[in-house]
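Q: Take any residue in the sequence shown, note its place counting from 1, add 18, and you have its number in the working numbering.
Don't be surprised by glycine CBs; every beta carbon is placed ideally from N, CA and C.
All values reported here derive from a predicted model rather than from experimental measurement.
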Amino acid sequence: NIANASPAADLAAPLIALNASAHILREGAVFDLPVSELITGAEKAVLRPLDILLGFTLPAFPKEAESHYYQLSISRFGVAMVLRRTQGLVEQANIAIGAIGAKAVRIPELERALIGRRVDTSSADALGDLLADYIRNTSRRQYKAWASRGVMEDALALFTQDN
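#1: Excluding the 5 residues flanking K62 on each side, which residues of the same chain have their C-beta closer than 6 angstroms to its C-beta?
#2: From this set, Q105, L68, A30 and Y152, which residue's C-alpha is nearest R135's C-alpha?
#3: If contact is defined by three or more beta carbon pairs under 8 angstroms, each pair taking one atom from either stretch, is the region 130 to 150 in contact with the region 161 to 177?
#4: Measuring CB atoms only, is the region 59 to 74 touching the region 40 to 48, in the sense that at least three cross pairs come out at less than 8 angstroms?
#5: Could you tell me which of V64, H86, A47 and P80 sits nearest to L33, measuring between CA atoms?
#6: Run the CB neighbour count on N19, radius 10 Å, all protein chains shown included, and call it buried at 16 or more, exposed below.
#7: Using DSSP bridges, identify the partner residues of S85.
#8: From Q110 to G119, what does the alpha carbon distance come to, in whole angstroms?
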């Protein structure tokens with residue numbers, strides 16, 4: 019579902035959050051492209067008819083970073099997060115959302131809003147409100163805005179289950 023650029027591609031948000039690169043074979047040569055640039059819209063990708071998507075590479079993952087993917091129902095709404103925390107505070111955040119628009123995207127406003135905060139209900143509420151605003155302003159899938167707070171709460175809860 020990455021090669022055919024499905025708006026609900028399950029792997030798109032996690033690969034984007036992890037800054038993955040795609041390896042593409044074109045006319046006998048292999049080149050790399052960030053997954054965030056591979057999909058250009060709903061069922062639109064930079065792949066040409068004879069291109070072959072060979073696989074993906076993830077950059078080195080910092081030991082102290084954690085990642086989780088949360089999906090509300092099948093292909094309805096996906097949140098991929100990579101967080102690095104120091105003394106309980108988020109120092110770095112990569113957050114990609116899938117199945118709310120034509121393609122999975124990172125949302126810098128969510129990432130910035132989480133920096134310096136603890137992973138808790140207050141953070142989930144703030145991120146949920148920002149995500150709802152983002153959906154209302156950018157997506158035809160307006161019904162997903164109402165679920166944003168719950169989705170962010172469930173997604174962030176994955177980071178507190180082992181602590």
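A: Quick answer:
#1: A23
#2: Q105
#3: yes
#4: yes
#5: H86
#6: exposed
#7: V100
#8: 25 angstroms
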